[in-house]
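Enquirer:
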Amino acid sequence: MLRVMTWNIRTGGRDRDGTDRRDRIAAVVADQRPDLLALQELRGLDSGGGLAGLAERVGMAPHLARSCFGQPVAVLVRPPLRVLRASRVRRPFHHAAARVQVGTAAGPLTVISTHLNPYSGGRRRMEADWLAAAVRRTGGDLTLLAGDLNTLEPAVDHTARLAGLAPLYRRRHLRRDGRTVDTRAVARLLDAGLVDLWPRTGGGEPAGLTVPTRHGGAEFAGMRLDYLLATPALAATARAVRVVRGGDADSASDHYPVVADLALAPA
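The sequence shown begins at 1 in UniProt numbering and counts up by one.
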């Protein structure tokens, strides 16, 4: 069984007031012990050995994708998984997309960690199209897209949820008419054939909300913004998906981690 996890750790685990949350982040990762970890918002961790140090603490090897405009993202890999190739998706994302392929007994598994534009639904839709193309180019049946997609899920009524947000933050989730909820980015990825693992195997709470945590998040109002989207063949291996709550996860970031167990073994 392989465990995969995605987590936006908020500004590299440090706040503007100097609060350092990295010990809590490391504790959550150590407790969950993922084999593959997609991380987003790695500000300050792309230099000075910051990400390498965090990865070493949790027994994993990091593969970083730097950002021209926003914050880096990464995929961390735990031995004995063998990395076959690693790169970034070469498109002008607001943040970035990191792509790592590892060997499994069922064939190569590709994991893409990404973080879509937080401000513009149109840009998120464009980034989703780039990611759908990147998934097609993997050429394999086992691909996982993981990350903070900053997009509300389609086919759900979000009216009450958005009504509680300040106008500045509510606009991020509406189309230009100011009324229609913008779910296009996730819809594009689902239309491209990816499977949302939460409604398929999620448990505990129906909505799978990933923000906000007790750490805060004025821009959130009980939302699911973090996703694990898989190709159908990979989705068939999913055995459980859950949002990690409680303990250090309540204050390590403004996002909760999402974990899935896949019926796969290292090659």
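Glycine included, each C-beta is placed from N, C-alpha and C at the ideal position. These numbers come from a predicted model, not from an experiment.
Just to confirm, are L84 and M60 a CB contact at a threshold of 9 Å?
Expert: The residue given as residue 84 occupies position 84 in the sequence shown. The residue given as residue 60 occupies position 60 in the sequence shown. Contact flag unset, no.
Enquirer: Is it true that the CB of Q101 sits closer than 9 Å to the CB of V73?
Expert: Locating residue 73 in the sequence shown gives position 73, where the first residue counts as 1. Locating residue 101 in the sequence shown gives position 101, where the first residue counts as 1. The Cβ atoms of V73 and Q101 lie no closer than 9 Å to each other.
Enquirer: If we call anything under 9 Å between Cβ atoms a contact, is A65 one with V89?
Expert: Within the sequence shown, numbered from 1, the residue matching residue 65 stands at position 65. Within the sequence shown, numbered from 1, the residue matching residue 89 stands at position 89. A contact, by the Cβ cut-off of 9 Å.
Enquirer: Would you kindly work out how many angstroms separate the C-alpha atoms of R172 and W198, rounded to a whole number?
Expert: By one-based count along the sequence shown, residue 172 stands at place 172. By one-based count along the sequence shown, residue 198 stands at place 198. Rounded to the nearest angstrom, the two C-alpha atoms are 23 Å apart.
Enquirer: Figure out for me which residue from S113, T19, T138, G139 has the closest Cα to the Cα of E127.
Expert: Start at 1 with the first residue of the sequence shown, and residue 127 comes out as number 127. With distances taken between CA atoms, E127 lies nearest to S113 out of S113, T19, T138, G139.
Enquirer: Tell me which same chain residues have a C-beta within less than 8 Å of the C-beta of L190, skipping the five on either side of it?
Expert: Position 190 of the sequence shown, counting from 1, holds the residue named residue 190. Once the five neighbours on either side are set aside, the close Cβ partners of L190 are P154, D196, L229.
Enquirer: With burial defined as no fewer than 16 other Cβ atoms inside 10 Å of the residue's Cβ, what is the status of A249: buried or exposed?
Expert: The sequence position of residue 249 within the sequence shown is 249, counting from 1. By the 10 Å Cβ count, A249 comes out buried.
Enquirer: Could you tell me which residues DSSP puts in a beta bridge with D46?
Expert: As a first step, residue 46 must be located in the sequence shown, where it is residue number 46. Its beta-bridge partners do not exist; DSSP assigns none.
Enquirer: Between residue 273 and T6, what straight-line distance do the alpha-carbon atoms span, to the nearest angstrom?
Expert: Lying before the first or after the last residue shown, residue 273 is absent from the chain, which here runs from 1 to 267.
Enquirer: Is it buried or exposed, A132, if we count other Cβ atoms within 10 angstroms and call 16 or more buried?
Expert: As a position in the sequence shown, residue 132 is number 132, starting the count at 1. Result: buried.
Enquirer: At a cut of 8 Å, does the region 89–99 reach the region 116–123 through at least three beta carbon pairs?
Expert: yes
Enquirer: Just to confirm, are R78 and L51 a CB contact at a threshold of 9 Å?
Expert: Numbered from 1 along the sequence shown, position 78 holds the residue referred to as residue 78. Numbered from 1 along the sequence shown, position 51 holds the residue referred to as residue 51. It is not a contact, given that the beta carbons lie outside the stated cut-off.
Enquirer: DSSP has Y227 in a bridge; who is on the other side?
Expert: What you label residue 227 is simply residue 227 of the sequence shown in a count that begins at 1. In DSSP, Y227 forms a bridge with G147.
Enquirer: Quickly, what does DSSP pair H63 with across the bridge? List them, please.
Expert: Within the sequence shown, residue 63 is the residue found at index 63, counting from 1. Answer is V75.
Enquirer: Tell me which residue opens and which closes the beta strand (DSSP E) that V259 is part of.
Expert: For the purposes of this step, residue 259 is taken as residue 259 along the sequence shown, with counting starting at 1. It spans 258–262 - the beta strand (DSSP E) in which V259 sits, taken as one unbroken run.
Enquirer: Using the DSSP secondary-structure output, state which residues sit across from T180 in a beta bridge.
Expert: For this step, residue 180 is matched to residue 180 along the sequence shown. T180 pairs with nothing; no bridge assigned.
Enquirer: Alpha carbon to alpha carbon, how far is V156 from T213? Give it in angstroms, no decimals.
Expert: Taking the first residue of the sequence shown as position 1, residue 213 is located at position 213. Taking the first residue of the sequence shown as position 1, residue 156 is located at position 156. If I take the Cα positions, the gap works out to 21 Å.
Enquirer: How big is the Cα-Cα spacing for T231 and G140?
Expert: What you label residue 231 is simply residue 231 of the sequence shown in a count that begins at 1. What you label residue 140 is simply residue 140 of the sequence shown in a count that begins at 1. Distance between the alpha carbons of T231 and G140 is about 9 Å.
Enquirer: Which whole-angstrom value describes the C-beta separation of D182 and V211, a residue pair presumed to lie in contact below a C-beta threshold of 8 Å?
Expert: As a working mapping, residue 182 is identified with position 182 in the sequence shown. As a working mapping, residue 211 is identified with position 211 in the sequence shown. With a Cβ gap of about 17 Å, D182 and V211 do not count as contacting.
Enquirer: Given A265, which residues of its chain have a CB within under 6 Å of its CB, disregarding the five upstream and five downstream residues?
Expert: Here residue 265 is taken as the residue at index 265 of the sequence shown, counted from 1. Answer for A265: A105, listed in chain order.
Enquirer: I'd like the span of the beta strand (DSSP E) that includes T110, first residue to last.
Expert: Counting from one through the sequence shown, the residue named residue 110 turns up at place 110. First-last of the beta strand (DSSP E) with T110: 109–115.
Enquirer: So, is S87 buried or exposed, given that buried needs 16 or more other C-beta atoms within 10 angstroms?
Expert: Position 87 of the sequence shown, counted from the start, is the residue given in the question as residue 87. That one is exposed.
Enquirer: Would you list the residues sitting across from D196 in a DSSP beta bridge?
Expert: Stepping through the sequence shown from its first residue, residue 196 is reached at position 196. DSSP lists L229 as partners of D196.
Enquirer: What are the boundary residues of the beta strand (DSSP E) that V28 is part of?
Expert: By one-based count along the sequence shown, residue 28 stands at place 28. Where V28 is concerned, there is no enclosing beta strand (DSSP E), although the alpha helix (DSSP H) it sits in stretches over 22–32.
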